[in-house]
Ligand code: HEM
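In the numbering used here, the protein residues as written are 285 to 694.
Structure, rendered in structure tokens:
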């Protein structure tokens, strides 16, 4: 019988071992992850009242156990979801509604549909590389990684082009905005969320009148068991708006962060960059390795539906459990020399896209964008190294994202 204890790991000093809301932790989470895996695989944080799992097998098992670990309290570890919740937000739904809504958009995200975007993505990357001109110094995050999903993903979703795109960029940066070191959303974040939801409701109404080949049109015309998903009057609280909102926020920062990290790591490892230039088959491997090594979505969260035993420790029902994907992907029992970035690594499953019912819907798109971005950069420009330390993007504490990776070519 498991022993039910509220405190499976004893904090040795006043400072919690794992406090994801501090700037100190955020600056370098990785030594803490190592200690969690080794010393406290079932960690309880008294200050905030959450549990945390960090070993690969434990995190994976939790992601796949949809009866014991529920999503109804959201996947964000701070108050983002509590404030920005609403019907239709896919990551926050449990079954049966989750699968019904996911099915509405699943087809659009299947690898075959996504492959059709190849030429468009290549053209976007080429245009951005053209924009470097003959500059030797370029910011590969701000001037390359970030603009790619803004162009590709918003077209795919069905967001209008033109001047209004500036507004989308403003909202994207706004939605998850925080002051560094604070878990609270700023007024900018609240305002952006509200404006974006209003705008999406209007756009869905417009697509109902004028259907097009895009995801918004798919959403507004969807029926679930013969019942229209979108009501007659689409207001900001409609499930259809929540679904569109969930996609909007999932597709930019993640992909931009992923491409930034990939290029940051290659800038730090000239010999691996060289290997890729010699053998382009290593490009997809480099993409997977950067996903594993510095997972963009570092941590997700669930709520227990019943008491659960892990390593002889009981996690009571109704508790928040943080599943640290970024720690699981560095588990020394799964990956040899895990804290080394290595594009030659034999491909092995990682959890950077999650797994199970809530596994990343956009992973074929994110993988394709990253792969083509690297292909085009390698083909068209010479070797690059870091010109200054990369800068982290201020966003939810779930994420590990750069918004500046200054490099010098040649
Ligand atoms: C490299 C880029 C990306 C990474 C690392 C990433 C990571 C993740 C992870 C870890 C999850 C699972 C969260 C959980 O289980 O709690 C997830 C879910 C999701 N992702 Fe991504 N993602 C990326 C790009 C995208 C893109 C481009 C889209 C496009 C819309 C997208 C849409 C979604 C959606 C809708 C979900 C929720 C799925 C569900 O609950 O059924 N992601 N993503």
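The beta-carbon is built from N, C-alpha and C at its ideal position, and this holds for glycine as well.
Review point. Residue 702 bridges to which residues according to DSSP?
Key: Residue 702 lies beyond the stretch modelled for the chain, which goes from 285 to 694, so this question has no answer here.
Exercise for review: Using 10 angstroms around the beta-carbon of residue 502, count the other beta-carbons present and answer buried if the total reaches 16, otherwise exposed.
Suggested key: buried
**Study point:** Residue of 360, 628, 484 minimising C-alpha distance to residue 571
**Key:** 628
Check your understanding: To the nearest angstrom, how far is it from the Cα of residue 340 to the Cα of residue 615?
Key -> 6 Å
**Study point:** Residue ranges of each beta strand (DSSP E) within the region 569 to 620, 3 or longer
**Key:** 584 to 588, 592 to 594, 597 to 599, 604 to 607
Exercise for review: Name the one or two DSSP bridge partners that residue 423 has.
Suggested key: 690
Practice item. Would you be able to state if there are at least three C-beta pairs under 8 Å between the region 380 to 396 and the region 637 to 650? Key: yes
Practice item. Using only alpha-carbon positions, find the residue among 607, 486, 452, 524 that is nearest to residue 320. Key: 607
Exercise for review: Count the C-beta pairs between the region 525 to 544 and the region 420 to 435 that are closer than 8 Å, then say yes if the count reaches three, no if not.
Suggested key: yes
Exercise for review: Return the residue from the list 576, 668, 562 that minimises the CA-CA distance to residue 421.
Suggested key: 668
Review point. Are residue 581 and residue 636 close, meaning C-beta to C-beta below 9 Å?
Key: yes
Exercise for review: With a threshold of 16 other CB atoms inside 10 Å of the CB of residue 375, please say whether the residue is buried or exposed.
Suggested key: buried
Exercise for review: Could you name the residues that DSSP lists as bridge partners for residue 316?
Suggested key: In the DSSP output, where bridge partners are listed per residue, residue 316 has none listed.
Review point. Can you list, in chain order, the residues of its chain whose CB lies under 6 Å from that of residue 602, leaving out five sequence neighbours each side?
Key: none
Check your understanding: Straight-line CA distance for residue 653 to residue 497?
Key -> 20 Å
Check your understanding: So residue 343 packs on residue 595, CB below 8 Å; how close in whole Å?
Key -> With a Cβ gap of about 13 Å, residue 343 and residue 595 do not count as contacting.
Review point. Under the three-state reduction of DSSP, which class applies to residue 532: helix, strand or coil?
Key: helix
Practice item. Would you list the one or two residues that DSSP bridges to residue 354? Key: 587
**Study point:** Beta-carbon proximity list for residue 406, same chain, < 7 Å, skipping 5 on both sides
**Key:** 656, 660
Practice item. Check whether the Cβ of residue 361 lies closer than 8 Å to any heavy atom of the ligand HEM, and answer yes or no. Key: no
Point to revise | Enclosing alpha helix (DSSP H) for residue 428 [first to last residue] | key: Residue 428 -> no alpha helix (DSSP H), and no H or E assigned at all.
**Study point:** Rounded distance between the beta-carbons of residue 489 and residue 719, thought under 8 Å
**Key:** No information on residue 719 is available, as it lies outside the stretch 285 to 694 that the chain covers here.
Point to revise | For residue 534, the nearest candidate out of 593, 683, 676, 663 (CA to CA) | key: 683
Practice item. Out of 318, 676, 578, 435, state which residue places its alpha-carbon closest to the alpha-carbon of residue 617. Key: 318
Review point. Using the C-alpha atoms, what's the distance from residue 593 back to residue 285?
Key: Interpretation of residue 285 is limited by its pLDDT of 38, a score under 50 that renders its predicted location unreliable; no figure is taken from the coordinates.
Check your understanding: So which of 510, 559, 552, 514 has the shortest CA-CA distance to residue 689?
Key -> 552
Point to revise | Whole-number beta carbon distance between residue 567 and residue 335, since they are thought to touch under 8 Å | key: With a Cβ gap of about 38 Å, residue 335 and residue 567 do not count as contacting.
Exercise for review: Rounded to whole angstroms, what's the CA-CA distance from residue 313 to residue 475? Just pull it up for me.
Suggested key: 30 Å
Check your understanding: If you follow the beta strand (DSSP E) that residue 305 is part of, which residue opens it and which one closes it?
Key -> Unbroken run through residue 305: none, as it is neither H nor E.
**Study point:** Close beta carbons around residue 288, own chain, < 6 Å, minus the five adjacent residues each side
**Key:** With a pLDDT of only 41 at residue 288, under the threshold of 50, the placement of this residue in the model should not be trusted; the figure read from the coordinates follows. Result list for residue 288: 598, in chain order.
Check your understanding: Which class does residue 507 belong to by DSSP, given the choice of helix, strand or coil?
Key -> strand
Review point. Under 8 Å from any heavy atom of the ligand HEM, does the C-beta of residue 384 make it?
Key: no
Practice item. Please work out which residues of its chain come closer than 7 Å, Cβ to Cβ, to residue 361, disregarding the five sequence neighbours upstream and downstream, and give them in chain order. Key: 304, 583, 585, 606, 681, 682
**Study point:** Neighbourhood of residue 679 by C-beta distance below 8 Å, restricted to the same chain and skipping five residues each side
**Key:** 460, 461, 462, 537, 685
Review point. Sorry if obvious, but does the Cβ on residue 714 come closer than 8 Å to a heavy atom of the ligand HEM?
Key: The question about residue 714 has no answer, for the chain in this structure spans 285 to 694.
Check your understanding: Would a C-beta distance cut-off of 9 Å place residue 523 and residue 549 closer than the cut-off?
Key -> no
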